[in-house]
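So the structure is just underneath, and the comments pick up after that.
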Amino acid sequence: MNKTLVVSALSAALLLAGCQSVNTTSGGAVGVERKQYMFSMLSSQEVDQMYAQSYQKTVGEASSKGVLDKTSPEAKRVQAIANRLIAQAPNFRPDAAQWQWEVNLIKSDELNANCGPGGKIIFYTGLIDSLKLTDDEIAAVMGHEIAHALREHGREAMSKAYGIEMAKQGAGALLGLGQDSLALADTVANYGMTLPNSRANENEADLIGLELAARAGYNPNAAITLWNKMSKASEGAPPEFMSTHPASSSRIASLQAAIPKVMPLYNSSKQ
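The sequence shown maps to residues 29 to 299 in the numbering used here.
Laid out in structure tokens, this is it:
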């Protein structure tokens with residue numbers, strides 16, 4: 029039998045046997061309803077703990093280098109925006125109210141930001157300063173990143189990686205090729221935490237982020253100006269953020285189509 033077919037068949041079998049269908053969030057006004065499949069032996073708590081260790085290492089290194097900004101007006105600005113967005117997260121998943129949220133600003137020319145599993149947010153000053161982001165645009169970036177965490181896109185990617193790597197090892201044994209020498213845990217963690225999200229996941233983060241920002245009182249139209257700035261910034265040497273969040277005309281078109289769905293929420297927040 030063809031090795032590729034064996035791996036594919038084993039992968040499918042393992043994923044079916046080891047994964048469970050979950051609903052990480054409600055659909056919201058933007059209607060994110062896709063079913064997700066998570067590896068049953070990889071809990072949300074385990075992924076949160078893994079990421080928390082990595083996050084604390086990053087924050088600790090920034091602190092030791094004197095680039096962790098906790099007191100400047102810009103740090104307070106980022107924290108204030110985060111607080112408003114975090115307050116809206118339970119609209120998509122009630123348990124987010126009990127997450128151990130953290131927000132840190134790092135002084136760096138790097139154009140990047142992220143929110144990892146469990147609500148661990150990092151912003152880099154370069155993203156704000158180089159693109160001259162408004163509060164509404166910062167909220168658009170942060171809402172998008174928070175949405176990835178709410179939807180557990182990291183655990184979803186790791187679940188897929190577990191199935192693939194287990195299938196490779198199983199196929200190797202079946203074909204007499206020996207066990208794959210890859211360190212499964214390291215491979216899965218790298219896959220889930222560092223590689224780009226799928227276009228479907230990016231679209232979900234765009235939509236949920238748009239609604240989070242609107243509910244928090246930030247103008248949804250800022251998502252359009254944000255991604256236009258991102259597109260322009262990527263014309264030279266692409267910033268780090270763009271390697272995992274590529275801008276495209278289809279992304280902007282999707283956001284424009286969704287804005288009318290969330291404008292009532294924005295208008296209500298301003299009353």
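Even for Gly, the Cβ is constructed at its ideal location relative to N, Cα and C.
As the structure is a computational prediction, the values presented were derived from the model and not from experiment.
### Span separating the alpha-carbon of residue 70 from that of residue 118
Within the sequence shown, the letter at position 42 stands for residue 70. Within the sequence shown, the letter at position 90 stands for residue 118. Each residue's alpha carbon lies about 23 Å from the other.
### Query
Anyone know if the C-beta pair for residue 312 and residue 64 falls short of 8 Å?
The first residue shown for the chain is 29 and the last is 299, placing residue 312 beyond what the model contains.
### With 16 other Cβ atoms within 10 Å as the buried cut-off, status of residue 62
Along the sequence shown, read from residue 1 onward, the residue named residue 62 stands at position 34. By the 10 Å Cβ count, residue 62 comes out exposed.
### Task
Just mark residue 206 as buried or exposed, buried being the case when its beta carbon has 16 or more other beta carbons within 10 Å.
Looking up residue 206 in the sequence shown gives position 178. Any reading at residue 206 must be qualified, since the residue scores a pLDDT of 39, below 50, and its modelled position is unreliable; no value is offered.
### Task
Go through the region 155-189 residue by residue and report every complete run of the alpha helix (DSSP H) that reaches 4 residues or more, in order.
163-178
### Query
Which residues in the same chain as residue 166 place their Cβ atom closer than 6 Å to its Cβ, once the five residues preceding and following it in sequence are excluded?
Within the sequence shown, numbered from 1, the residue matching residue 166 stands at position 138. The answer, listed in chain order, is 109.
#### Entry: Reduced DSSP secondary structure (H/G/I, E/B, other) of residue 75
To locate residue 75, count along the sequence shown from 1; it is residue 47. Here residue 75 sits in helix by DSSP.
### Query
Mind checking residue 160: buried by the 16 CB within 10 Å criterion, or exposed?
The residue you call residue 160 lines up with position 132 of the sequence shown. The residue in question, residue 160, is exposed, as its Cβ has fewer than 16 Cβ neighbours within 10 Å.
### Task
Evaluate contact between the region 141-158 and the region 231-246, counting only Cβ atoms and requiring at least three cross-stretch pairs below 8 Å.
no
### Message
Can you look up residue 116 in the DSSP assignment and give me helix, strand or coil?
### Response
One-based indexing of the sequence shown puts residue 116 at position 88. In the structure shown, residue 116 sits in coil (DSSP, three-state: anything other than H, G, I, E or B).
### Query
Secondary structure at residue 106, three-state DSSP: helix, strand or coil?
Walking along the sequence shown from the start, residue 106 turns up at place 78. The answer is helix: DSSP assigns residue 106 an H, G or I state.
### Query
How would you label residue 122, buried or exposed, when you count the other beta carbons within 10 angstroms and need 16 or more for buried?
By 1-based counting over the sequence shown, the position of residue 122 is 94. Exposed, by the Cβ-count rule.
### Spatially closest choice to residue 297 from 279, 187, 244, 259, by CA coordinates
Here residue 297 refers to the residue found at position 269 of the sequence shown. Looking at the Cα atoms, 244 is the closest of the given residues.
### Strand pairing of residue 150, partner residues [DSSP]
On the sequence shown, position 122 is the one that residue 150 refers to. Partner(s): 132, 142.
### Task
Could you tell me whether the Cβ atoms of residue 106 and residue 96 are closer together than 8 Å?
For the purposes of this step, residue 106 is taken as the residue at position 78 of the sequence shown. For the purposes of this step, residue 96 is taken as the residue at position 68 of the sequence shown. Result no, Cβ atoms of residue 106 and residue 96 do not sit closer than 8 Å.
### Task
Could you tell me if residue 180 is buried or exposed, where buried requires 16 or more neighbouring beta carbons within 10 angstroms of its beta carbon?
Locating residue 180 in the sequence shown gives position 152, where the first residue counts as 1. Classification for residue 180: buried.
### Message
Comparing C-alpha positions only, which one of 232, 140, 130 sits nearest to residue 148?
### Response
Translated into the one-based positions of the sequence shown, residue 148 becomes position 120. With distances taken between Cα atoms, residue 148 lies closest to 130.
### Task
Pull up the DSSP beta-bridge partners for residue 258, would you.
Along the sequence shown, read from residue 1 onward, the residue named residue 258 stands at position 230. Beta-bridge pairing links residue 258 to no other residue.
#### Entry: Same chain, Cβ closer than 7 Å to residue 112, neighbours up to 5 away in sequence not counted
In the sequence shown, the residue the question calls residue 112 occupies position 84. The answer, listed in chain order, is 244, 245.
### Message
Assuming residue 120 and residue 56 are in contact, meaning their beta carbons sit under 8 Å apart, how far apart are those beta carbons, in whole angstroms?
### Response
Numbered from 1 along the sequence shown, position 92 holds the residue referred to as residue 120. Numbered from 1 along the sequence shown, position 28 holds the residue referred to as residue 56. Between residue 56 and residue 120 the Cβ distance is about 6 Å, and since that is below 8 Å, they are a contact.
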